Amino acid sequence: MKSHLFKGTGRITRLLFRQNRLEILLWVTGIIGVTLAAALAFPEVYRTQEDILGFAVTVQNPAMVAMIGPAYPLKGYTIAMILAAELLLFTAIAVAVMNILLVSSSTRLDEEEGRLEMIRALPVGRLAYLSASILMITAVNVSVFLLLGAGLAVLGHESMMTEGSFLYGAVLAATGLFFAGVTALSAQLAESSRGTKGLSLGLLILAYAVRAVGDVQSDTLSLLSPLGWTVRTNVFLENDWWPIGALVSGAALFALLAFYLNKKRDM
Amino acid sequence: MSLVEINGLVKRFGSFTALKNIELKMDKGEIYGFIGPNGAGKSTTIRVLLGMLKPTAGKVTVFGKDAWKDAVDIHKRIAYVPGEANLWPNLTGGEVIDLFLSMRGNGNTARRDELIQRFDLDPTKKCRTYSKGNRQKIALIAAFASDADLYVLDEPTSGLDPLMERIFQELVLEVKAQGKSVLLSSHILSEVEKLCDRVAIIREGEIIEKGTLDELRHLTRSKLTVETRDPLTSLNEWTGVHEVQQTGVHAEFQVDTEDLDQVIRRISPHGILKLESAPPTLEDLFMRHYERTGGEVSKGGAGR
Ligand SMILES: Nc1ncnc2c1ncn2[C@@H]1O[C@H](COP(=O)(O)OP(=O)(O)OP(=O)(O)O)[C@@H](O)[C@H]1O
Ligand SMILES: [Mg+2]
Chain H
173 MKSHLFKGTG RITRLLFRQN RLEILLWVTG IIGVTLAAAL AFPEVYRTQE
223 DILGFAVTVQ NPAMVAMIGP AYPLKGYTIA MILAAELLLF TAIAVAVMNI
273 LLVSSSTRLD EEEGRLEMIR ALPVGRLAYL SASILMITAV NVSVFLLLGA
323 GLAVLGHESM MTEGSFLYGA VLAATGLFFA GVTALSAQLA ESSRGTKGLS
373 LGLLILAYAV RAVGDVQSDT LSLLSPLGWT VRTNVFLEND WWPIGALVSG
423 AALFALLAFY LNKKRDM
Chain V
23 MSLVEINGLV KRFGSFTALK NIELKMDKGE IYGFIGPNGA GKSTTIRVLL
73 GMLKPTAGKV TVFGKDAWKD AVDIHKRIAY VPGEANLWPN LTGGEVIDLF
123 LSMRGNGNTA RRDELIQRFD LDPTKKCRTY SKGNRQKIAL IAAFASDADL
173 YVLDEPTSGL DPLMERIFQE LVLEVKAQGK SVLLSSHILS EVEKLCDRVA
223 IIREGEIIEK GTLDELRHLT RSKLTVETRD PLTSLNEWTG VHEVQQTGVH
273 AEFQVDTEDL DQVIRRISPH GILKLESAPP TLEDLFMRHY ERTGGEVSKG
323 GAGR
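So the sequence lines, in the order shown, correspond to chains H and V. Take 173 as the starting number for the first sequence in the numbering used here and just add one per residue. Take 23 as the starting number for the second sequence in the numbering used here and just add one per residue.
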């Protein structure tokens with residue numbers, strides 16, 4: 173009985189990849205391309221230690237902290253840190269948006285437009301479509317993690333050490349997964365695919381706002397926001413991995429809730 | 023054991039009751055027609071049957087198994103065509119057909135190619151570019167290329183041109199000849215009349231009539247057109263006569279089937295010059311049920 177719930181997941185996963193291949197390709201190359209381009213360009217832009225320090229000073233003020241997250245200490249500032257300060261949070265948001273769009277279109281939209289109905293009439297488990305959607309998005313995020321990690325470690329500046337590079341990829345992927353989980357859950361709760369997207373994007377904006385206020389005023393507040401975790405890896409410095417664990421656990425929790433609701437409800 | 027058995031099925035969506043008390047039995051080898059006005063609950067019944075919706079109350083079994091709990095097993099032997107085949111815009115028609123066949127696991131590729139030819143479909147195009155009729159063909163090909171015991175077709179021909187509609191009818195008769203069963207929901211009454219062994223009429227979530235077409239006709243009226251030497255007098259008051267249109271010796275009216283004999287005897291003495299009788303079409307029957315209030319309909323059914 174139980175294994176029946178997921179029967180057919182593999183084939184549907186392949187189907188979803190085929191359906192979304194162009195979108196996935198554009199998002200992933202876009203995200204990786206921008207990051208690697210920046211990583212390659214920064215050593216040319218910030219040639220001297222003064223240039224680097226100049227940047228480091230400008231991102232210390234509260235307005236910048238609200239925008240991009242807590243600043244690294246001035247002492248020992250590197251090109252890698254410039255990359256993290258300038259790009260990490262905004263790239264994480266782009267990855268989150270990609271996750272929200274891909275998950276909502278491969279769950280609620282496919283249901284709304286009747287594609288799920290044809291599948292549900294096949295010998296396919298009740299949870300197979302949602303599992304396939306989650307498998308697809310997990311694979312996309314893992315590729316972002318591996319490609320970015322390897323890309324930065326291999327092509328990046330010497331300050332982009334291996335661990336930091338992979339942590340950088342991991343935090344983007346983990347933020348993506350978190351919002352994939354949020355969307356999978358919203359898809360069970362919202363009335364429509366527009367509602368699903370609206371709810372998930374709304375939560376993303378809320379997470380950004382809470383983090384912005386929190387980063388300036390109180391760390392505790394920031395820790396209530398998943399994006400607060402995203403900006404707390406101290407990547408390329410201390411390389412803290414706990415935010416990855418927190419984000420992935422959150423994603424798993426939401427996904428389980430989504431499965432539970434999906435199993436209970438009708439179409 | 024019936025192939026499909028629906029007992030006391032109730033389905034509510036929130037406070038709205040879409041299905042009130044559906045009773046339906048389908049036997050192996052028969053083509054069962056399911057008709058009723060828009061919003062009557064045909065698709066909802068079919069979705070419950072396919073285990074996509076959970077019954078609020080009642081018992082639904084297919085092949086003797088529970089439609090909700092054993093959906094995966096049941097679906098191995100079912101092929102389904104919805105009225106609106108929505109497909110994956112970035113896949114080709116051929117990819118979708120193959121996907122369905124591989125997921126069911128008992129597809130027949132020779133049969134698939136034959137059907138693609140018969141339906142005159144170009145399977146290499148992206149689904150996004152297909153017209154409604156062509157998308158419908160894909161669902162039909164995927165269904166009829168698989169080796170199912172029960173074909174569940176919910177308004178399968180919407181959007182098909184008359185030529186394709188005929189091919190569809192041939193296919194239904196072919197699977198019937200192989201001993202397979204078909205549940206066909208349709209608004210095309212001539213299609214139902216041509217194909218179905220038995221019919222159920224559903225309205226506002228209730229089955230208001232069911233039986234073979236002959237049985238259903240029995241409940242209705244024949245249309246008579248007569249010309250007599252002497253005009254028929256006070257036709258309106260005759261028992262079993264309805265909807266009289268009379269000009270002199272020419273009269274057109276409907277007769278309750280059970281009063282036919284008695285009415286003809288009464289006409290005879292007036293000297294029949296011309297007598298035409300048209301059997302009630304399913305459409306007459308349908309219209310009667312659609313238009314009348316519940317009270318009169320149940321009167322029609324009380325005779326059984
Ligand atoms: N998921 C749902 N939530 C709420 N109401 C629903 C849902 N699905 C169907 N209904 C309602 O149930 C009723 C029966 O709908 P159904 O689709 O079964 O009708 P139908 O007989 O198939 O009509 P048509 O001939 O137009 O296809 C309608 O009033 C419809 O609005
Ligand atoms: Mg319908």
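Ideal Cβ positions, reconstructed from N, Cα and C, are used throughout, including at glycine. If you're wondering where the values come from, they're calculated on a predicted model, not measured in any experiment.
- Query: Ends of the beta strand (DSSP E) at Asn43/V?
  - Reply: In the DSSP assignment, Asn43/V falls within the beta strand (DSSP E) that extends over 38 to 48.
Cα separation between Tyr54/V and Gly262/V?
31 Å
### Query
What number of angstroms, rounded off, separates the C-alpha of Val277/V from the C-alpha of Lys245/V?
6 Å
For Asp95/V, report the span of its alpha helix (DSSP H) as first-last.
93 to 97 is the extent of the alpha helix (DSSP H) around Asp95/V.
By the three-class DSSP mapping on this structure, what secondary structure does Gln276/V have? Strand.
Anything in chain V within Cβ reach of Leu294/H, meaning under 7 Å, just list it in chain order. His97, Phe122, Met125, Arg126
Point to revise | Lining residues of ligand 2 - beta-carbon closer than 7 Å to any non-hydrogen atom, in sequence order | key: Lys64/V, Ser65/V, Gly105/V, Asp176/V, Glu177/V, Ser207/V
task = Count the other C-beta atoms from every protein chain shown that fall within 10 angstroms of the C-beta of Arg243/V, then say buried if there are 16 or more, exposed otherwise.
result = buried
| field | Residues that Glu106/V contacts on chain H, provided the C-beta gap is smaller than 8 Å | value | Gly286
Output yes or no for whether 8 Å exceeds the beta carbon distance between Leu357/H and Tyr340/H.
no
Q. Exposed or buried, what is His97/V when buried is set at 16 or more other beta-carbons lying within 10 Å of its beta-carbon?
A. So His97/V counts as buried.
Return no unless some Cβ of chain V is closer than 8 Å to the Cβ of Asp412/H.
no
Query raised in the report: Are the beta-carbon atoms of Leu182/V and Arg183/H separated by less than 8 Å?
Result: no
**Study point:** Identified DSSP bridge partners for Arg127/V
**Key:** The identity of residue 127/V in the sequence shown is Gly, whereas the question assumes Arg. In DSSP, Gly127/V forms no bridge with anything.
Practice problem: Using 7 Å as the cut-off, classify the Cβ of Ala40/V as near or not near the heavy atoms of ligand 1, replying yes or no. | Solution: Taken from the Cβ of Ala40/V, at least one heavy atom of ligand 1 lies inside 7 Å.
Note to self: Just to confirm, is the Cβ distance from Ala342/H to Phe317/H under 8 Å?
What the structure shows: yes
| field | Close beta carbons around Asp223/H, own chain, < 8 Å, minus the five adjacent residues each side | value | Val217
- [ ] In the DSSP assignment, find the unbroken beta strand (DSSP E) run with Arg34/V in it and report its ends.
- [x] 26 to 35
- Query: Going straight from the alpha carbon of Thr392/H to that of Ala213/H, what length do you get?
  - Reply: Taking C-alpha positions only, Thr392/H is separated from Ala213/H by approximately 35 Å.
Worksheet entry | Local Cβ density within 10 Å of Val229/H, reported as buried at 16 or more and exposed below that | exposed
- Residue from Glu285/H, Ser305/H, Gln191/H whose Cα sits closest to the Cα of Gly180/H: Its Cα nearest to that of Gly180/H, the residue Ser305/H stands out among Glu285/H, Ser305/H, Gln191/H.
Return the residues of the segment 190 to 221 of chain H that lie within a Cβ-Cβ distance of less than 8 Å from chain V, sorted by chain order. Arg190, Gln191, Asn192, Arg193, Leu194
Considering just the uninterrupted stretch of the alpha helix (DSSP H) at Ala243/H, what are its terminal residues? In the DSSP assignment, Ala243/H falls outside any alpha helix (DSSP H) and carries neither an H nor an E.
Given a cut-off of 8 Å, decide if Leu225/H and Leu259/H are closer than it, judged by their beta-carbon atoms. no
Practice problem: Please check if any C-beta of chain H sits within less than 8 Å of the C-beta of Tyr102/V. | Solution: yes
Q. Of all the residues that make up the segment 370 to 393 of chain H, which are near chain V by a beta-carbon distance shorter than 8 Å?
A. none
Q) Quick one: Cα of Lys198/V to Cα of Leu217/V, how far? A) 10 Å
Check: Would Thr66/V pass as a contact of Ala89/V if the rule is Cβ separation under 8 Å?
Finding: no
Point to revise | Limits of the unbroken alpha helix (DSSP H) element including Tyr340/H | key: 334 to 361
Output the distance between the C-alpha atoms of Ala384/H and Arg99/V, rounded to the nearest integer angstrom. 56 Å
inquiry  = Quick check: what's the CA-CA separation for Gly400/H versus Met290/H?
reply    = 41 Å
TODO: Apply the 10 Å Cβ neighbour rule to Thr207/H and answer buried if 16 or more other Cβ atoms are within range, or exposed otherwise.
DONE: Counting the other CB atoms within 10 Å of its CB gives Thr207/H a total of 16 or more, which places it among the buried residues.
Consider the Cβ of Glu283/H: report whether some Cβ of chain V lies at a distance smaller than 8 Å. No, Glu283/H does not count as interfacial toward chain V.
(Q) Per DSSP, what are the beta-bridge partners of Phe56/V in this structure? (A) Ser207/V, Ala222/V
Self-check item: Own chain, CB closer than 8 Å to Gly30/V, minus 5 neighbours either side, in chain order
Solution: Asn43, Ile44, Glu45, Ala79, Gly80, Lys81
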